[in-house]
Amino acid sequence: DSGRSTELAFVVEPSDDVAVQEQPLLLCCQVEGIPPIRVTWRKNGVRIPDSENAFVLANGSLYVSRFQRLRADGSSDEGEYDCTAQNQYGLVVSRKAKIQAATMSDFHIHPQNAVVEEGGVARFQCQIHGLPEPVILWQKNRMPVNTDNERYTLLPKGVLQITGLRAEDSGIFHCVATNIANVKFSREARLTVSGSHSTAYKDPMILVGPENLTLTVHQTAVLECIATGNPRPIVSWSRLDGRPIGVEGIQVLGTGNLMISDVTVQHSGIYVCAANKPGTRVRRTAQGRLVVQAPAEFVQPPQSISRPAGTTAIFTCVAQGEPPPRITWLRNGQILQASDHIKLKNNNSTLTIYGISQADEAIYQCIAENSAGSTQASARLTVLWADGLPGPPQGVKARTVSATTIQVSWREPLQNTKEIIGYVLHIRRAADPVEMEYQEAVSKSTFQQLVTDLEPSTSYSFYIKAYTSRGASKASDVTVVSTLGEVPAMPSLFIKVINSTAVQATWEPSVKLGQHEGFKLFYRKVHVSQYTGPVLLPSNVTTYNITQLDTSVVYEVKLLAYNQHGDGNSTVRFVSLREPGERTVLNPPCDCMKDEQSNKTSTTGIIIGIHIGVTCIIFCVLFLMFGYRGRLLMCKNVQEQLAPVPAPRGQRSGLTGAARRDERPFGSKRLDLNELERLFPAAPSRDKAPAPGLPASHGDTQLSPLPREDFGVIEEEPPEPPAPGPGPAREG
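Each residue of the sequence shown is one higher than the one before, counting from 59 in our numbering.
What follows is the structure, given as structure tokens:
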């Protein structure tokens with residue numbers, strides 16, 4: 059097989075064609091892959107047997123010796139043809155080729171006689187249908203029209219335009235339609251050019267505007283627009299959506315026809331033809347829609363894959379086209395239907411096969427088709443299967459333990475158990491698709507597994523596979539069992555005060571509640587033991603109004619969900635009907651005018667307070683200054699009374715300048731430190747009495763101690779022995 063592709067695929071596929079009656083027809087089909095390869099042909103899905111009229115050539119092509127549109131027995135060679143190729147790995151089907159007979163109808167529009175003044179515009183048209191599309195040419199006086207004359211414009215759809223008419227343009231015109239089926243001539247029409255060119259003003263007018271066209275990519279679009287007027291109008295084109303028309307492949311035919319060569323999907327849109335009077339804004343418009351279709355083509359074709367048995371195989375097929383293509387999957391040439399283990403997703407662009415086995419080995423084809431054409435791509439699935447793998451686990455059983463737990467047990471396979479390295483338990487809800495399945499790994503010595511975190515009252519399916527280092531065993535039998543039911547969970551409850559005698563209870567529906575039949579609502583005054591209720595509410599109700607309540611009492615509201623298994627836990631809320639009123643008092647609405655006035659009053663009060671404070675400080679300072687001065691005067695009087703007679707200069711020393719300045723004789727008395735402290739003690743505390751013999755106040759002012767700089771201290775000489783005589787001794 060060297061140099062040969064191992065995948066079965068088409069090198070050449072049949073294509074759409076138009077066949078000629080009683081002529082031979084050849085449809086090509088070439089395949090590559092591992093031989094032997096058998097090629098067959100089908101028409102409209104039915105196999106074509108070899109016969110004298112149609113047979114398969116050695117290269118796989120189909121040869122039809124005499125094509126017949128309609129035979130005597132009513133059969134026809136027209137239809138959709140495809141070829142199939144098959145080898146040991148599978149079967150593939152080619153794209154469908156539409157084969158039609160070449161035909162030509164009679165003319166259903168013939169050119170009409172026309173009389174046009176000199177300098178005007180003449181237009182002739184003829185239409186005819188045929189396969190393939192007929193080519194239409196024009197003749198004047200039985201001779202081909204001179205296409206080199208720039209005043210003559212021939213459009214593909216059978217239109218002849220003549221601008222700037224002259225007398226020599228008069229004559230007899232007709233068209234000739236030709237294709238492989240026939241040649242036909244239209245009726246003749248006479249053109250008469252009358253009079254001389256008129257100079258009278260005429261508003262611009264569009265004689266013929268663009269028609270709606272539907273084409274396939276790479277074809278040529280011709281949008282006709284012919285206008286008259288005096289002066290001759292200027293014809294321009296634009297798109298209704300405002301996008302630029304562009305310049306590549308764009309050409310103007312004659313005096314205003316728009317031709318777009320090699321159209322693409324981006325050329326689709328509404329085109330507007332405008333006839334403008336030169337130098338003015340006077341204009342006339344006409345519009346036509348161009349729709350460009352694109353046949354389906356693959357963006358991502360499927361790829362061949364190999365997967366171990368029991369795993370998942372995924373094929374992806376992404377196609378584009380205009381209109382968007384429809385995707386169909388084939389398995390060995392047959393339409394593939396979705397099933398429990400075969401899923402088609404993303405508009406059939408993804409094919410997923412779960413738990414593949416040898417029966418899934420095949421060639422899978424993606425067919426993409428739309429109104430513009432179809433295409434196909436194929437891929438092979440190979441299932442890897444090793445010899446000596448274990449058999450499927452035996453005796454799988456499932457037992458319900460609780461509302462959320464199931465125990466699964468099994469026995470080991472009957473054969474090839476030595477290489478088992480473990481088991482995999484496959485779990486899914488019975489109602490879920492296969493892709494929602496999940497797995498749990500189990501050691502090789504364990505033959506049971508407790509599956510937890512399941513949903514109550516739900517059916518689950520289980521199966522087991524044994525794994526070795528070389529692959530997995532076949533799946534065991536599937537067992538299905540349901541979990542037990544349970545009471546619902548606690549609902550969320552919210553209380554809203556409606557008015558002074560009513561509240562509204564609101565709760566949220568949630569899947570977390572589980573299966574529930576409805577709700578029970580209770581309420582009571584907090585100081586009363588008896589509840590009012592239950593109020594039974596269906597499961598689709600989420601609000602309830604409690605009315606005729608007492609404004610002065612706090613209420614307790616209780617809600618629970620219930621089902622056939624019993625009542626769930628309740629949610630409790632407390633509410634006071636006085637709260638809205640209290641909140642109104644505690645949080646009064648803003649009175650902006652009042653606040654502004656209060657702010658102004660507060661500012662004025664602050665300013666007045668500052669002035670009063672400053673005034674008080676000034677008075678206090680003055681008061682202290684006058685009190686201090688009075689105290690100095692008193693001290694000086696005391697010093698004058700108690701000062702001793704000055705001693706000789708050498709027997710005393712002045713401690714401060716102030717003391718030296720104040721030294722003066724005071725009889726025989728001297729002033730020492732102890733006496734000063736007795737006369738002027740430190741500032742007494744308010745809770746202590748003043749020193750004996752010293753007045754506590756001078757008038758209403760309490761005296762404060764004077765600094766030492768204001769005093770003079772005189773050192774005394776040792777006292778002389780007292781002279782004998784009567785009289786009390788005096789303290790020094």
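Every residue, glycine too, gets a C-beta built ideally from N, C-alpha and C.
Pick from the options that is closest to residue i, judged by C-alpha positions
i, options, result
"L792", "E175, I157 and V466", "Outside the modelled stretch of the chain, which goes from 59 to 790, sits residue 792, for which no answer is possible."
"R209", "V217, K198 and T221", "T221"
"K101", "R129, T142, I95 and S244", "T142"
"Y581", "H574, A563, S597 and E575", "A563"
"A619", "V330, F577 and S407", "F577"
"Y121", "T374, E136, T161 and C86", "C86"
"V179", "Q144, A225, L195 and A155", "A225"
"F182", "C424, G300 and K198", "K198"
"G624", "Y518, L542 and S362", "L542"
"S436", "A172, S152, G346 and T600", "S152"
"V78", "G379, P190, A367 and S415", "P190"
Alpha carbon of residue i to alpha carbon of residue j, nearest angstrom
i, j, result
"S628", "Y589", "14 Å"
"V234", "N390", "50 Å"
"L388", "L394", "5 Å"
"V350", "T278", "10 Å"
"A377", "A426", "7 Å"
"V454", "A396", "28 Å"
"V357", "K260", "56 Å"
"N405", "E575", "38 Å"
"H276", "D164", "29 Å"
"G337", "E269", "28 Å"
"H41", "T98", "Residue 41 falls outside the range modelled here, since the chain spans only 59 to 790, and no answer is possible."
"Q88", "T64", "15 Å"
"S248", "T161", "For the sequence presented, residue 248 should be read as Arg rather than Ser. Rounded to the nearest angstrom, the two C-alpha atoms are 29 Å apart."
"A488", "R636", "54 Å"
"V203", "Q324", "35 Å"
"G480", "A430", "54 Å"
"S558", "Q606", "9 Å"
"F243", "H232", "7 Å"
"A172", "V293", "23 Å"
Collapsed DSSP secondary structure at residue i in the structure displayed
i, result
"I186", "coil"
"H166", "coil"
"D227", "helix"
"G591", "strand"
"T541", "coil"
"T386", "strand"
"E498", "strand"
"G103", "coil"
"F125", "coil"
"V492", "helix"
"G379", "strand"
"A155", "strand"
"T673", "helix"
"F68", "strand"
"M683", "helix"
"A112", "strand"
Range covered by the beta strand (DSSP E) that runs through residue i
i, result
"T374", "A371 to T374"
"C331", "G327 to N334"
"P262", "K260 to V266"
"Q606", "Neither: Q606 is in no beta strand (DSSP E) and is coded neither H nor E."
"Y139", "G137 to N145"
"W565", "A560 to E566"
"Q358", "R341 to Q358"
"T403", "Note that residue 403 is Lys in the sequence shown, not Thr. Here the beta strand (DSSP E) through K403 covers I400 to K403."
"D75", "D75 to A77"
"L512", "That residue, L512, is in no beta strand (DSSP E); it is neither H nor E in DSSP."
"E175", "A172 to E175"
Contact belief for residue i with residue j at Cβ below 8 Å, rounded distance in angstroms
i, j, result
"N288", "S256", "7 Å"
"V545", "N621", "7 Å"
"R341", "A333", "6 Å"
"P451", "P471", "6 Å"
"L128", "S134", "5 Å"
"E614", "V584", "5 Å"
"T374", "P360", "6 Å"
"I303", "W295", "6 Å"
"Y518", "D535", "Not really, about 15 Å apart at Cβ, beyond 8 Å."
Any non-hydrogen atom of the ligand ADP within 7 Å of residue i CB
i, result
"A130", "The ligand ADP is not among the ligands present in this structure, which contains no ligands whatsoever."
Interface flag, residue i vs chain C, CB-CB below 8 Å
i, result
"T601", "The question asks about chain C, but that chain is absent: this structure has only one protein chain."
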